[in-house]
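First to last, the sequence lines map onto chains Z and X.
Read left to right, the first sequence gives residues 773 to 1070 (my numbering).
Read left to right, the second sequence gives residues 773 to 1070 (my numbering).
Glycine included, every Cβ here is placed at the ideal spot set by N, Cα and C.
For reference, the structure discussed in these notes is given below.
2 protein chains.
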Amino acid sequence: MSSASKSSKLRIGKLVVIGVGLIGGSFSLALKKARVVRRVVGVGRTKKNLDTARRLGVIDEASRDAASAVRDADLVLIGTPVGQMPEVMAEIAAELGEATVVTDGGSTKQNVIAHARRFLGAHFERFVPSHPIAGTENSGAASAFAELYRDRNVIMVPQIETKASAVRLVRAAWEACGARIVRLDARQHDEMFAAVSHLPHVVAFALVSMLAKRRDAQTLLGYSGGGLRDTVRIAGSSPEMWRDICMANREALLELLDSYSDELELARGAIESADGEALIEMFRRARTARSRWLLKKA
Amino acid sequence: MSSASKSSKLRIGKLVVIGVGLIGGSFSLALKKARVVRRVVGVGRTKKNLDTARRLGVIDEASRDAASAVRDADLVLIGTPVGQMPEVMAEIAAELGEATVVTDGGSTKQNVIAHARRFLGAHFERFVPSHPIAGTENSGAASAFAELYRDRNVIMVPQIETKASAVRLVRAAWEACGARIVRLDARQHDEMFAAVSHLPHVVAFALVSMLAKRRDAQTLLGYSGGGLRDTVRIAGSSPEMWRDICMANREALLELLDSYSDELELARGAIESADGEALIEMFRRARTARSRWLLKKA
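Right, here's the structure in full:
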């Protein structure tokens, strides 16, 4: 069965997107473009962002009240920073219908699952934890675009309690967005993404933060080239979202930060003692791993 | 006087490019495209790269002997890693003509100037230290392209001894490549580029090196998204070139590595003690500095 025929079966009458930013807004736009959703209600905290979302056709209706918005919904995507998810879940739990399926777009999974188990109560069996591996450094409804998920992986982490019908709906929705589904264990997910995503973000944020503290920061940055620009692109990401992710995935991240500090210390030692061989060995290891990885991706 | 009319006056009979990689090869291609050079001789250590350079029209002739190649040259560009420059300079000094102008493309300037002063002898007055702020993560003659320097800055660091006529020639050549000239003091240059280029390279190399040491490295990298890809793009750069740069700009780089470690330690402490406020402050500082910088660049 092709993914086109799969998604042609998908019909979502009412989609509610809580947190109409890059992740939630793009989910809505992609499903609208695939013509599989009839009506999208966006829920958010600020009127300004919701107005933007409506004006740009990212959502059809706006609401400031998640609880009333989710009534009669077929699918709810929680697209807020992970730190807000417990509150959102607690708010909507009493109003969720018996058939409403809930999913999320959070970058950490163990904590989101723990919150859902606690706050969604009986509805937990229709909660399908997911994490789309897609994003840009921009945030807000205006940054959303329908193609964000095309050919990207979405990690799905269904639990023992999760109903197969809920998994099918969420899978079909992400596939209608053009994404591929990958299943992972929640713990494995969190450890892997601490390494390939959360650590790199902290590394980039810290690099720009440190440069920004210098009095000559803007002059300095003015002379920089494409290398720095690409290296710190992700330092333009949402501070709130990344604080939440760092807090949520604390243990794995701390361990990786230690490994990274050790590696930097090795580089520092090699530079200080003029040990060119050690330095070139490190740089070669990095270059080789990167090349192999790019080859596989191609 | 427009830059077009400036470069229309420029005529280089014989250009010698020592080290036909991304920097040297692109310099040659750009000057050929601007039709300001008659003949380009490429000097290198490996026959294979020189053959590639000739086949791709990057150079007209190849030589394995720098000393004989520079005879009768109007302009010599030393495009090797900075660690090879003393040897190259010592080799060519005896054969340089009385009118031959020499420049380089090295990413550090204080050490290159010191080497030139020592090894070029009387020819030092026609040596114009320069550093084009352009590059990609690729290396070798095949990575060269004529547009590399278009609208990019080239830092020029002429010394008291440097002849005005030599400065004019080198300036005109870079301008014919489409670049803008910026003058900086050598020490200031090295300190600034330690911050905006050398440190980010070490940061990126160390990040990939550390991930590459894990047994699950390739699986891990397979799940990563665009964030990591951009952050570590520069970890694909030439290990030899970057070893040389790190060694050459050791003092400034060590100081910055310490500041960076301190900043990482701040992030680590905030994560460990669940101090979300401190973390968000750091991330906001980074995001704001990056936005300002991008605004200026636009």
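Proximity of residue i and residue j at Cβ, strictly below 7 Å
i: L976 of chain Z; j: V1004 of chain Z; result: Note on residue identity: the sequence assigns Ala, not Leu, to residue 976 of chain Z. Cβ distance < 7 Å, so A976 of chain Z and V1004 of chain Z count as in contact.
i: G999 of chain X; j: P972 of chain Z; result: yes
i: L892 of chain Z; j: A865 of chain Z; result: yes
i: T875 of chain Z; j: V792 of chain Z; result: no
i: A841 of chain X; j: V815 of chain X; result: yes
i: W1065 of chain Z; j: L993 of chain X; result: yes
i: M1054 of chain Z; j: S1033 of chain X; result: no
i: I927 of chain Z; j: H961 of chain Z; result: yes
i: A966 of chain Z; j: L1028 of chain Z; result: yes
i: V736 of chain X; j: A948 of chain X; result: Lying before the first or after the last residue shown, residue 736 of chain X is absent from chain X, which here runs from 773 to 1070.
i: E863 of chain Z; j: A834 of chain Z; result: no
i: A938 of chain X; j: V873 of chain X; result: yes
i: A1039 of chain X; j: V974 of chain Z; result: yes
i: V789 of chain X; j: G878 of chain X; result: no
i: N925 of chain X; j: R952 of chain X; result: yes
i: L849 of chain X; j: F899 of chain X; result: no
i: E901 of chain X; j: K881 of chain X; result: According to the sequence provided, residue 901 of chain X is Pro. The question's Glu does not apply to it. Result yes, Cβ atoms of P901 of chain X and K881 of chain X sit closer than 7 Å.
i: E933 of chain Z; j: E897 of chain Z; result: yes
i: V812 of chain X; j: D832 of chain X; result: yes
i: V860 of chain Z; j: S996 of chain X; result: no
i: A1050 of chain X; j: A1061 of chain X; result: no
i: L794 of chain X; j: S911 of chain X; result: yes
Per-residue contacts from residue i into chain Z (C-beta, under 8 Å)
i: D1002 of chain X; result: D1002, T1003, R1005, I1006
i: L822 of chain X; result: Residues of chain Z passing the Cβ test: none, with the nearest at roughly 23 Å.
i: L1036 of chain X; result: V974, V975, A978, L1029, Y1032, S1033, L1036
Spatially closest choice to residue i from the options, by CA coordinates
i: L1025 of chain Z; options: X:L1028, X:E1044, X:A825, X:Q882; result: X:E1044
i: A826 of chain Z; options: Z:E863, Z:A871, Z:V860, Z:A916; result: The residue you asked about is not Ala; residue 826 of chain Z is Arg in the sequence shown. Closest by alpha carbon: Z:A916.
i: R783 of chain Z; options: Z:A944, Z:R1040, Z:E1023, Z:V974; result: Z:A944
i: H895 of chain Z; options: Z:S911, Z:D923, Z:K935; result: Z:K935
i: A871 of chain X; options: X:R843, X:I850, X:Q882; result: X:R843
i: N883 of chain X; options: X:W946, X:G1041, X:E1023; result: X:E1023
i: H970 of chain Z; options: Z:L920, Z:G1048, Z:M1019; result: Z:M1019
i: A1007 of chain X; options: X:G907, X:G1041, X:V789; result: X:G907
i: R922 of chain X; options: X:A802, X:R1056, X:G796, X:P853; result: X:A802
i: Q856 of chain Z; options: Z:D832, Z:L956, Z:M964, Z:E1012; result: Z:E1012
i: I1017 of chain Z; options: X:R987, X:G1048, X:S1031, X:T991; result: X:G1048
i: L920 of chain X; options: X:W946, X:V860, X:Q931, X:V929; result: X:W946
i: V809 of chain Z; options: Z:L787, Z:K820, Z:L828; result: Z:L787
Listed by chain order, chain X residues near residue i by CB distance under 7 Å
i: K881 of chain Z; result: In chain order: nothing, as chain X lies at least about 13 Å away.
i: P1011 of chain Z; result: I1052, F1055, R1056, R1059
i: M964 of chain Z; result: L992, Y995
i: V759 of chain Z; result: Residue 759 of chain Z is absent from the structure shown; chain Z starts at 773 and stops at 1070.
i: A1083 of chain Z; result: Within the shown structure, residues of chain Z are numbered from 773 to 1070, placing residue 1083 of chain Z beyond reach of any answer.
Neighbouring residues, chain X, relative to residue i (Cβ below 9 Å)
i: M1019 of chain Z; result: I1043, A1046, G1048, L1051
i: R1022 of chain Z; result: I1043, E1044, A1046
Buried versus exposed call for residue i [16 or more other C-beta atoms within 10 Å across all chains shown]
i: A989 of chain Z; result: buried
i: S1010 of chain X; result: buried
i: L1067 of chain X; result: exposed
i: T818 of chain X; result: exposed
i: G950 of chain X; result: buried
i: K781 of chain X; result: exposed
i: S777 of chain X; result: Confidence in S777 of chain X is poor, its pLDDT being 45 and thus under 50, which makes the residue's placement unreliable; the coordinate value appears in the next sentence. Exposed, because fewer than 16 other Cβ atoms sit within 10 Å of the Cβ of S777 of chain X.
i: A984 of chain X; result: buried
i: G785 of chain X; result: exposed
i: D724 of chain Z; result: Shown here, chain Z extends from 773 to 1070; a query on residue 724 of chain Z therefore has no answer.
i: D1002 of chain X; result: buried
i: R1059 of chain X; result: buried
i: E1035 of chain X; result: buried
Beta-carbon neighbours of residue i, restricted to chain Z and to distances below 7 Å
i: P972 of chain X; result: L979, G999, L1000, T1003
i: R807 of chain X; result: None at all; the shortest Cβ gap to chain Z is about 27 Å.
Residue i: contacting residues in chain Z (beta-carbon distance under 9 Å)
i: S1063 of chain X; result: G1008
i: K1068 of chain X; result: Q990, L993, G994
Within chain X, the residues that residue i reaches when beta carbons sit closer than 8 Å
i: A914 of chain Z; result: Within chain X, no residue comes near A914 of chain Z; the closest Cβ sits about 15 Å away, beyond 8 Å.
Any non-hydrogen atom of the ligand MN within 6 Å of residue i CB
i: A951 of chain Z; result: As presented, the structure is devoid of all ligands, the ligand MN included, so that no description of it is given.
For the stretch 917 to 935 of chain Z, which residues have a beta carbon sitting closer than 8 Å to at least one beta carbon of chain X? Under the 8 Å Cβ criterion, the stretch 917 to 935 of chain Z contributes R924, N925, I927.
Interfacial residues, the stretch 891 to 908 of chain X to chain Z, with Cβ spacing under 8 Å: Result list: I905, A906, G907, T908.
Which residues of the stretch 843 to 867 of chain Z have a Cβ closer than 9 Å to any Cβ of chain X? Give them in chain order. Residues G855.
Please identify, using Cβ separations under 7 Å, the residues of the stretch 937 to 960 of chain X that lie next to chain Z, in order along the chain. Cβ contacts with chain Z come from no residue of the stretch 937 to 960 of chain X.
When you check each C-beta in the stretch 778 to 805 of chain Z against every C-beta of chain X, which residues fall closer than 9 Å? Taking a C-beta cut-off of 9 Å against chain X, none of the residues of the stretch 778 to 805 of chain Z qualify.
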